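As structure tokens, the structure follows; a few thoughts come after it.
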Amino acid sequence: MRKQLRKADVDAVYLNSMSSPADTASVVQALEKAGVKRLLGATIAGVEDEVPYELATWTKNSLPASYIKGEYDSAKIVRDSNLDYTLLRLTWLFNDESDREYELVPSGVEFADAEVSRQAVTQAILDILNGEESEYVRKSFGLGKPNTHYGKPSFY
132 MRKQLRKADV DAVYLNSMSS PADTASVVQA LEKAGVKRLL GATIAGVEDE VPYELATWTK
192 NSLPASYIKG EYDSAKIVRD SNLDYTLLRL TWLFNDESDR EYELVPSGVE FADAEVSRQA
252 VTQAILDILN GEESEYVRKS FGLGKPNTHY GKPSFY
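The numbering of the sequence shown is my numbering, which starts it at 132 and goes up by one.
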């Protein structure tokens with residue numbers, strides 16, 4: 132038996148995968164129905180055509196077209212919702228327990244960072260959830276490691 136989502140149980144939801152528009156739409160509908168307003172969604176850098184050509188081309192050649200399209204479509208579903216969302220446009224991920232350095236690049240600004248650690252993404256999520264909500268609501272940010280403006284991630 133599936134438990135019904137209740138607002139009292141949830142302050143915010145983090146959606147780590149947005150490659151399936153159908154799944155994203157289901158999550159958005161469930162949150163709206165339950166009255167849960169806050170959603171942080173991780174999508175890929177490039178869904179706003181904000182990534183420099185060389186990195187965008189490398190990404191396009193490295194991921195299935197259906198995955199990229201799913202990310203674009205899911206981001207639109209979230210933006211079109213009534214939720215208090217924050218979209219995090221993640222660049223290429225790597226693991227480094229000691230690396231929590233990140234920057235948030237707002238929509239409308241070129242986002243050239245090629246990589247970011249998973250640990251830095253976690254730190255950014257915690258900082259956003261503990262920060263002044265109005266700075267992040269109904270906004271989208273590129274999330275990357277500063278000064279990694281490469282044509283592809285350094286680990287490839």
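Ideal Cβ placement from N, Cα and C applies to all residues, glycine included.
In this text the structure is predicted, and so the values were computed from the model without any measurement.
Taken through DSSP and simplified to helix, strand or coil, D227 comes out as coil. Taking 9 Å as the cut-off, the Cβ atoms of M149 and T174 count as close.
Its chain contains L171, T217 and Y267 as the residues whose beta carbon lies nearer than 7 Å to that of I259, once the 5 sequence neighbours on both sides are disregarded; these appear in chain order. The beta carbon of A243 lies closer than 6 Å to those of P183 and H280 in the same chain, with the five residues before and after it left out. Of the candidates S197, I256 and Y287, Y287 places its Cα closest to the Cα of A245. Ranked by Cα distance from T253, the first of K276, P284, G282 and S265 is K276. Residue range Y184 to S193 is occupied by the alpha helix (DSSP H) that includes T188.
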